[in-house]
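Trainee:
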Ligand SMILES: Cc1cc2nc3c(=O)[nH]c(=O)nc-3n(C[C@H](O)[C@H](O)[C@H](O)COP(=O)(O)OP(=O)(O)OC[C@H]3O[C@@H](n4cnc5c(N)ncnc54)[C@H](O)[C@@H]3O)c2cc1C
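Rendered as C-alpha cells:
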C-alpha cells in the first residue's frame, strides 16, 4: 500500500515536535499535523522546566552524585508505588540524556536555573531561557530544517486501522497514509466533559475550575486512542493549584501571613507547603479550606511576586464588601459564619499567635511571613484546589511508547507521548518540570521508535 509518510505525528507541542525531530533524525519521512493555527499547544505557554537527574548542568551547578536510580526511588516512594514502574524507570533513565539532547539542539539552560523543584531537596528542576516558548521555537526550527512537513488548522478526527494495524489518519473526509502514528495531542484540561469523566477531583470544584493551557487540550488522544482499542490509565490524576476563585490569574503560592484551617478550625499544613502537595492536602479536608487573617495583615497586603491579583488589600476589601469572603469583628462570629468549629479556631489562633511571638511555627514549621492574628475585623476566605495545570488520565503506553490495547499487547503502529499518556503520573506531582520533561523524553523516544518500526515494516 502506498504511504504518504512513514510517521504522522498528531499535535505539535513539546512531545510532538521532539518526536518529529527524532523521527526525522532516524531516517523517517514525517508529517506533523496540528489542530491550532500555530505550533506549540500548551507547551508554548509553559515554563518549560525539565525535571532530570544526573545532568551536566547539575554538575556545573555543584549538584554532585544525583542519578536516575535516586530519581526513580524518590518518584516511586512519593507515589507509594501507585505508578507504572517501567514507564517511570524509562523517564528517569532517559531524563539526563534527553536533557543533553535538548541543550545540544540549542535550548539555553543557565546553571542558575537548576533548583529543587517539588518536594525533594535534590535540585532536579532545570529552567530554560525563554521558557516553553523558546523550547518550542528551537524544536520547530529543527523540524523545519529537517524537512518535516507541517499542516496547521487541521484537527485529526479518526485513526485508520486495517488488518489490526494503524495505517493513517483522517481529518474529516481527507486522509493521509503512514506506517506509524504518534499521538501527541496533550491533555484534556479544556474539555469540561472529560474533566467530569476522568478528573472528578477537579470537577468537584465546579465553576471555580479553569485550565491554564490552550483550547487544543480536548483529550483527543483518549478519544482517538480508545476508538481503536487503546486502554487508558491515570484516572483522577493531574495537578490542581489552590485559589480563592476571585479571577483567572495564575498564582502558585500563598502568602505567609494567612493560616489555613479546616472545618474543625484546625491548621492541617504549613501554608508555605510546596504547590505540588498543597492541593492534595486540601482534597483530604473535603475539597476546600479557609484562609484566615486579620485587618493588619489585609492592610499590609501589597502586590508581591507571590500575588498580584488575589491577596492584595484593595481586592480583599472589595471581596468583603461584595460578601464573597467572610469578615467579622470577633473570631467567634467569623467561625460561625464560616461554619467552622469556634473552639477549634480560637485554640488554633491562640497557639499560632504564641508561636509567632517566639518566631517558630512549632506545629508546621512555616518559615515565611508569619503574623499574629489579633486585629479585628477578621477575615475568612474559602480556597479550593481548582486551577487545572495538566491532566493525568490518558493512553497507557509501554516503556517504548507503544500504545497498549486491552489485551496487554501494543497496538501495531500506534505510539504516544506527552500529556496524552496516562501511566506516568501518580497522585502527587514530582515537581516543576515533571510534566514538560517527560513530554520531551517520551516524544523523542516515540519518534525514534516509530521510525524504527517503519524501517522494520519496510524490510518485512
Ligand atoms: C501555563 C503553563 C505552565 C506550565 N509550566 C510547566 C512547567 O514549567 N513544567 C512542567 O513540567 N509542566 C508545565 N506545564 C505542563 C506542561 O507544559 C504540559 O503538560 C506539556 O507542555 C504538554 O505538552 P504536550 O506536547 O503533551 O501537549 P501540548 O503542548 O498541549 O500540545 C498538544 C498539541 O496537540 C494539538 N492537538 C490536540 N488534538 C489534536 C488533534 N485531534 N489533531 C491535531 N492536533 C491536535 C493541540 O492543539 C496542541 O497544539 C505547564 C502548563 C501550562 C499550560
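In the working numbering, the protein residues as written are 714 to 1173.
Ideal Cβ positions, reconstructed from N, Cα and C, are used throughout, including at glycine.
(1) Let me check you understand the geometry: is the CB of residue 747 closer than 6 angstroms to at least one non-hydrogen atom of ligand 1?
(2) To the nearest angstrom, how far is the alpha carbon of residue 1149 from that of residue 1008?
(3) One question on the structure: do residue 1126 and residue 878 come within less than 7 angstroms of each other, judged by their Cβ atoms?
(4) Give the DSSP-derived three-state secondary structure of residue 1078 in the structure shown.
(5) Return the CA-CA distance between residue 1165 and residue 719, expressed in angstroms with no decimal places.
(6) Could you pull the DSSP bridge partners for residue 868 from this structure?
(7) For residue 787, is the beta carbon positioned less than 6 angstroms from some heavy atom of ligand 1?
(8) Say the cut is 6 angstroms; is the CB of residue 1152 nearer than that to a heavy atom of ligand 1?
(9) Measure the Cβ-Cβ separation of residue 765 and residue 725 and say whether it is below 7 angstroms.
(10) Do the CB positions of residue 1057 and residue 1141 come within less than 7 angstroms of each other?
(11) Output the residue ranges of the beta strand (DSSP E) runs that lie fully inside the segment 1057–1109 and measure 3 residues or longer, sorted by chain position.
(12) Looking only at C-alpha atoms, which of 894, 880, 957, 870 sits nearest to residue 931?
(13) Identify, in the order they occur along the chain, each residue of the same chain with its Cβ nearer than 7 angstroms to the Cβ of residue 984, setting aside the five sequence neighbours on each side.
(14) What's the call for residue 1161, buried or exposed, on a 16-neighbour Cβ count within 10 Å?
(15) Classify residue 746 as buried or exposed, calling it buried when 16 or more other Cβ atoms lie within 10 Å of its own Cβ.
(16) Going by Cα to Cα distance, which pick from 742, 773, 1110 is closest to residue 891?
(17) Starting from residue 738, follow the alpha helix (DSSP H) in both directions and report where the run begins and ends.
(18) Quick check: is any heavy atom of ligand 1 less than 6 angstroms from the C-beta of residue 721?
(19) What are the residues that DSSP puts in a beta bridge with residue 945?
(20) With a floor of 3 residues, list each beta strand (DSSP E) that falls wholly inside the segment 828–908, ordered by position along the chain.
(21) Rounded to whole angstroms, what is the Cα-Cα separation between residue 895 and residue 1118?
Mentor: So, to answer that:
(1) Counting from 1 along the chain shown, the entry for residue 747 is found at position 34. Checking the Cβ of residue 747 against ligand 1 gives yes.
(2) Residue numbering aside, residue 1149 sits at position 436 when the chain shown is read from its first letter. Residue numbering aside, residue 1008 sits at position 295 when the chain shown is read from its first letter. Rounded to the nearest whole angstrom, the CA to CA distance from residue 1149 to residue 1008 is 41 angstroms.
(3) Working through the chain shown from its first residue, we reach residue 1126 at position 413. Working through the chain shown from its first residue, we reach residue 878 at position 165. With a cutoff of 7 angstroms on beta-carbon distance, residue 1126 and residue 878 are scored as near each other.
(4) Taking the chain shown and counting its residues from 1, the one referred to as residue 1078 is at position 365. The answer is coil: DSSP assigns residue 1078 none of H, G, I, E or B.
(5) Along the chain shown, read from residue 1 onward, the residue named residue 1165 stands at position 452. Along the chain shown, read from residue 1 onward, the residue named residue 719 stands at position 6. Straight-line Cα distance between these residues: approximately 10 angstroms.
(6) Numbered from its first residue, the chain shown carries residue 868 at position 155. Residue 868 is not bridged to any residue.
(7) Numbered from 1 along the chain shown, position 74 holds the residue referred to as residue 787. No, Cβ of residue 787 sits at least 6 angstroms from all heavy atoms of ligand 1.
(8) Within the chain shown, residue 1152 is the residue found at index 439, counting from 1. Taken from the Cβ of residue 1152, at least one heavy atom of ligand 1 lies inside 6 angstroms.
(9) Taking the chain shown and counting its residues from 1, one reaches residue 765 at position 52. Taking the chain shown and counting its residues from 1, one reaches residue 725 at position 12. No. Outside cutoff.
(10) Taking the first residue of the chain shown as 1, we reach residue 1057 at position 344. Taking the first residue of the chain shown as 1, we reach residue 1141 at position 428. No, the Cβ-Cβ distance between residue 1057 and residue 1141 is not below 7 angstroms.
(11) Runs of the beta strand (DSSP E) lying entirely within the segment 1057–1109 and spanning at least 3 residues, in chain order: 1091–1104.
(12) On the chain shown, residue 931 is found 218 positions in, with the first residue counted as 1. Minimum Cα distance to residue 931 is reached at 870.
(13) The residue labelled residue 984 in the question sits at position 271 within the chain shown. For residue 984, same chain residues with a beta-carbon under 7 angstroms away, outside a window of 5 residues either side, are 967, 969, 971, 972, 973, 1079 in chain order.
(14) Looking up residue 1161 in the chain shown gives position 448. By the C-beta density criterion, residue 1161 is buried, having at least 16 other C-beta atoms within 10 angstroms.
(15) Locating residue 746 in the chain shown gives position 33, where the first residue counts as 1. Buried, since its Cβ has 16 or more Cβ neighbours within 10 Å.
(16) The count along the chain shown starts at 1 and reaches residue 891 at position 178. Considering only alpha carbons, the answer is 742.
(17) Taking the first residue of the chain shown as 1, we reach residue 738 at position 25. Segment 727–738, the alpha helix (DSSP H) holding residue 738.
(18) Counting from one through the chain shown, the residue named residue 721 turns up at place 8. No, the Cβ of residue 721 stays beyond 6 angstroms of every heavy atom of ligand 1.
(19) The sequence position of residue 945 within the chain shown is 232, counting from 1. In DSSP, residue 945 forms a bridge with 1108.
(20) Taking only runs of at least 3 residues, the beta strand (DSSP E) segments lying wholly in the segment 828–908 are 862–864, 871–875, 878–884, 887–890, 893–896.
(21) Translated into the one-based positions of the chain shown, residue 895 becomes position 182. Translated into the one-based positions of the chain shown, residue 1118 becomes position 405. About 15 angstroms.
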